[in-house]
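See below for the structure under consideration.
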């Protein structure tokens, strides 16, 4: 199949490569999609909310429900060979083990883990044929690195992401495939602001989130996107199976 996007030429750390970025409508995903494009990649920027994809610079926007297995297969067929997969889409469901419903538990794993599993399975055969590829999974400092109150399903799903990452890295380390995970602390994104609004006291909730960060501030989406670029590029060619914490010292 002829690739529908022109292969970029010229300078850029990702020149000549094709990337899929999920959760690209806002926050980290949006920053990363535009940064990848600025560095020369042909980027398929995907999000459940098609309206949120409006205005993306240098990317091909595509509405995608990452829990739809058939839609993932269709995306891979349309996009052709993929060099970089950034699994950035995710969901935060609050609750302790007693508060979390069966539905919230299942939804957390569907979005945060199973979607990654399916996307990796979709793009990996093409990567193996070319013996190159970088897969980046969005995990969290909450999960395997540490626990957090009221985050049972979220922490469990993000711990599973780290397990998935290490499994893929170990299986294909000799085939030119790299797989790494990013474990952010609290990042100031529209989705975080939306959750803070539901508390009824936005400013107090925001102050509480900042107070638990040893650096005294929240992380910014661009800081995480910069790490994603490093992991996507050949700058990190000797790195695989790692879970990189970018958390303002929260895990210390």
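Residue numbers (this note's numbering): 14 to 265. Think of the CB as a built atom: it goes at the ideal place given N, C-alpha and C, for glycine as much as any other residue.
Pick out whichever of the options has its Cα sitting closest to the Cα of residue i.
i	options	result
residue 42	263, 149, 255, 160	149
residue 222	146, 189, 261	261
residue 188	213, 143, 214	143
residue 101	91, 85, 95, 152	152
residue 109	131, 178, 95, 160	160
residue 237	27, 49, 265, 83	49
residue 25	46, 177, 51	51
On the premise that residue j lies in contact with residue i, defined as a C-beta separation below 8 Å, what is that separation, rounded to the nearest angstrom?
i	j	result
residue 257	residue 195	6 Å
residue 39	residue 199	That pair is no contact at about 16 Å.
residue 66	residue 78	Their Cβ separation, rounded to whole angstroms, is 13 Å, which puts residue 66 and residue 78 out of contact at 8 Å.
residue 190	residue 132	Between residue 132 and residue 190 the Cβ distance is about 14 Å, and since that is not below 8 Å, they are no contact.
Would you say the beta carbon of residue i comes nearer than 8 Å to a heavy atom of the ligand ZN?
i	result
residue 53	As presented, the structure is devoid of all ligands, the ligand ZN included, so that no description of it is given.
For residue i and residue j, I'd like the C-alpha separation in whole angstroms.
i	j	result
residue 14	residue 89	Residue confidence is low: residue 14 scores 31 on pLDDT, short of 50, so the model does not pin down where it sits. Its coordinate-derived value is still stated next. Distance between the alpha carbons of residue 14 and residue 89 is about 11 Å.
residue 234	residue 44	7 Å
residue 228	residue 93	42 Å
residue 147	residue 244	7 Å
residue 205	residue 231	11 Å
residue 37	residue 139	23 Å
residue 72	residue 255	28 Å
residue 82	residue 135	10 Å
Go through its chain and collect everything with a Cβ distance to residue i's Cβ below 6 Å, but skip five positions before and after it.
i	result
residue 63	76
residue 33	57, 95, 98
residue 107	163
So, for residue i: in the same chain, excluding its five sequence neighbours on each side, which residues have a beta-carbon less than 8 Å away from its beta-carbon?
i	result
residue 212	218
Apart from the five residues just before and just after residue i, which ones in its own chain have a Cβ nearer than 7 Å to its Cβ?
i	result
residue 241	45, 99, 149, 195
### Message
Pairs of beta-carbons, one from the segment 114 to 126 and one from the segment 161 to 176, closer than 8 Å: are there three or more?
### Response
yes
### Query
Is the number of C-beta pairs between the segment 159 to 166 and the segment 175 to 185 that are closer than 8 Å three or more?
no
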